[in-house]
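With my numbering, letter number 141 in the sequence shown gets 836, and the count goes up by one each step, no holes.
Yeah, the Cβ is synthetic: ideal placement off N, Cα and C, and Gly gets one too.
Data first, discussion second: the structure below is written as structure tokens.
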Amino acid sequence: MTNGHGVELKVTVPCAEGRRHQVRLRFTGWGEYEVVYNPCEALLGEVFAPIAGCSRYIREEFPKRFWKDRRLKLRLVEALQAAGAPAVLVLLQALGDSCEKVRAAVCRVLGKIGDSQAVPALSVWACAGEQAALEALRALGQPALALDEAALQLATQGRWNVLIRVSTDATVREEVAKLGTLVVPVFVQALRDGDAETREEACRMLGKIGDPQAVPALVQALDDEHCNVREAACRALGEIGDSQAVPALVRMLGDSWEYVSWAASDALTKIGNRAVPALIHALESSDPSIRAGACAVLGQIGNAQVVPALVEMLRDSDSRVRFVACRALGEIGDSQAMPALIQMFTDIHYSVSKAACWALVRIGTPAVPALIEALHSDDHSVRVEACEALGRIGNLQALPALIQALGDSTKWVRAVACEALSRMDDSLVVPALIQALEDSEADVRQAACVALGVIGNPAAIPHLRRVASKDRSCAYKARKAIEQIRAQQAEKERRAQP
């Protein structure tokens, strides 16, 4: 049935106790409808009808079903075709649908109706490569408009749903973005659309255009119920780079969806030093996710002026915050953080002490004297991490101290010292490691075997053979080291051949 106010369809909906029945809906727009007849309303009356299962479904669930139900949408297209010219505006809305088969059906109907209003929308889809749009234009006897002209006309007409959908095509997206300020109000309006994918794409387009006038609307989009929209809004604000978005982006560091908080972090990093004051303030937040996120962004920005604030965060009650603060100090690489980072070697959380070690390795050579001094600490965990950091830095200035650490009273220090020495390219290393094969602890002897295999000096083979034959606890490691040394020697010989 059709009339001047829309087209009607019969739709089957669920009701009470698993029963289903038909209702008549009048569609006044694409996805916009009103109830014409519901038998439960006639039966229950105005007071009780709204609480009926079918009424709740029509009100709450059917809007979601409409966008997913291709068969229903194709039925609606057929009804709109029967309505003829009065249905053109709704059909133009339908060209913004996410389903390609539905859009193709709409194109065919528009070609048959023959209304020139459809030319701009059909032209952009033709430029995006949709054959049905080209065929519809031929049926209309109209050439496709140039992409920039067609996009501008759609923006002027306010047909943002079509612009949003077609902008998923890279060529069209670039052309639409060139329109700049002219189309910003169109995409801002699209941020209020009922379809989450439309809002998400609107965010992307506003970020691509890069006009600061979109910032207030994008900040509002950060409160969207759909995480993908919030993520897209964060990324768009990062692309625009306007500092007025900083407080809202800092708040999003605590979003429950990690991709949103990552996007907020990326956006704040792009804004850079202009975001630093708000980020330092965020270090006092009661939310540990925001504190950790602020530390991470400050590390990415890399401003050495924030080092004292980050050092303070090494005393945070939350281990995740301490971990990220260590990483941030490593990213900045300023030597003033070294004493505080060395203190973190004693943190009760293994991940934090390892992050501190990583940070000192990032600082590099300037950290070597402080790490050598740390080898004299009374705390063996400090000595272990200091050995590891010195090995990873690889500066020969630490060689004597690492060789001396092979005599440490704690076996784990001696074992890590073996590993650290395997990274040092010096003639003194192999004799020291050969001597470590005589250590009283199997863990240290095994570490010495592994280190000698890494270095690949054939002078170690006789000593490793002796370990393989007499030391059952280290035999496997010794044999593997011998194999590794021989493989390295064979590779050297192969490369030396002309």
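Quick check on DSSP: helix, strand or coil for residue i?
i	result
Q1192	coil
H1158	helix
G701	strand
G724	strand
P838	coil
H716	strand
E729	strand
T707	strand
H976	helix
L948	coil
R1195	Within the shown structure, residues of the chain are numbered from 696 to 1193, placing residue 1195 beyond reach of any answer.
D843	helix
I808	helix
M1119	coil
C794	coil
N1152	coil
L1101	coil
E1068	helix
R1167	coil
S1135	coil
I1177	helix
E1186	helix
E825	coil
M696	Residue confidence for M696 is low, a pLDDT of 36 falling below 50, so the modelled location carries little weight and cannot support an answer.
Taking all protein chains shown into account, do 16 or more other C-beta atoms lie within 10 angstroms of the C-beta of residue i, making it buried, or fewer, making it exposed?
i	result
Q826	exposed
Q1141	buried
L738	exposed
T707	exposed
L1091	exposed
E712	exposed
I746	exposed
G988	buried
T893	buried
N698	Confidence is the limiting factor: at N698 the pLDDT is only 44, short of 50, which leaves the residue's position unreliable and the question unanswerable from this model.
P907	exposed
G724	exposed
A845	buried
D1103	buried
L1123	exposed
Y682	The structure shown does not extend to residue 682, since the chain is modelled only from 696 through 1193, so no value can be given for it.
E1186	exposed
M696	Its pLDDT being 36, under 50, M696 is placed unreliably by the model, and nothing is read from it.
Y728	buried
K1172	buried
A1226	Residue 1226 cannot be examined here, being either before or after the span of the chain that is shown, 696 to 1193.
Taking 6 Å as the limit between beta carbons, can you name the residues of its chain near residue i, skipping five residues before and five after?
i	result
L1147	L1128, A1155, A1176
R1078	L1070, S1072, V1108
R1118	G1086, G1089
R719	E703, K705, V731, Y732
E1136	K1106
M900	S862, F882
A959	C929, L944, M947, L948
Between residue i and the rest of its own chain, which residues show a CB-CB distance below 8 Å, the 5 nearest in sequence each way excluded?
i	result
L842	S818, V819, C822, T866, V867, E870
L832	G806, V814, L817, S818, A821, P838, A839
D1011	P983, R986, R1017, A1020
S1076	F1040, T1041, S1048
D1121	L1091, L1094
V955	C922, R925, E926, C929, M947
The alpha helix (DSSP H) that contains residue i, what's its start and end?
i	result
S1076	1075-1088
D961	953-966
Q915	910-916
P1126	1124-1131
L1091	Counting along the chain, L1091 falls outside any alpha helix (DSSP H), and DSSP gives it neither H nor E.
G933	922-935
A816	814-822
Note down, in chain order, each residue of its chain lying with its Cβ closer than 7 Å to the Cβ of residue i, except the 5 sequence neighbours on either side.
i	result
K796	R765
R1110	Residue identity check: residue 1110 is Ala in the sequence provided, not Arg. For A1110, where only same-chain residues beyond five positions count, the Cβ hits under 7 Å are D1138, V1139, A1142.
L1036	C1021, L1024, A1051, A1054, L1055
At least one CB of chain C closer than 7 Å to the CB of residue i: is that the case?
i	result
Q812	The structure shown contains no chain C; it holds only a single protein chain.
Within 6 Å: the Cβ of residue i and any heavy atom of the ligand MG?
i	result
A1170	The ligand MG is not part of the structure shown, which contains no ligands of any sort.
What are the complete alpha helix (DSSP H) segments, minimum 4 residues, inside the region 969-1038? 971-977, 983-996, 1002-1008, 1014-1027, 1033-1038
May I have a chain-ordered list of the alpha helix (DSSP H) segments no shorter than 4 residues that lie completely inside the region 736-786? 748-751, 757-763, 765-778
Continuous beta strand (DSSP E) assignments of at least 3 residues falling wholly in the region 843-907: none
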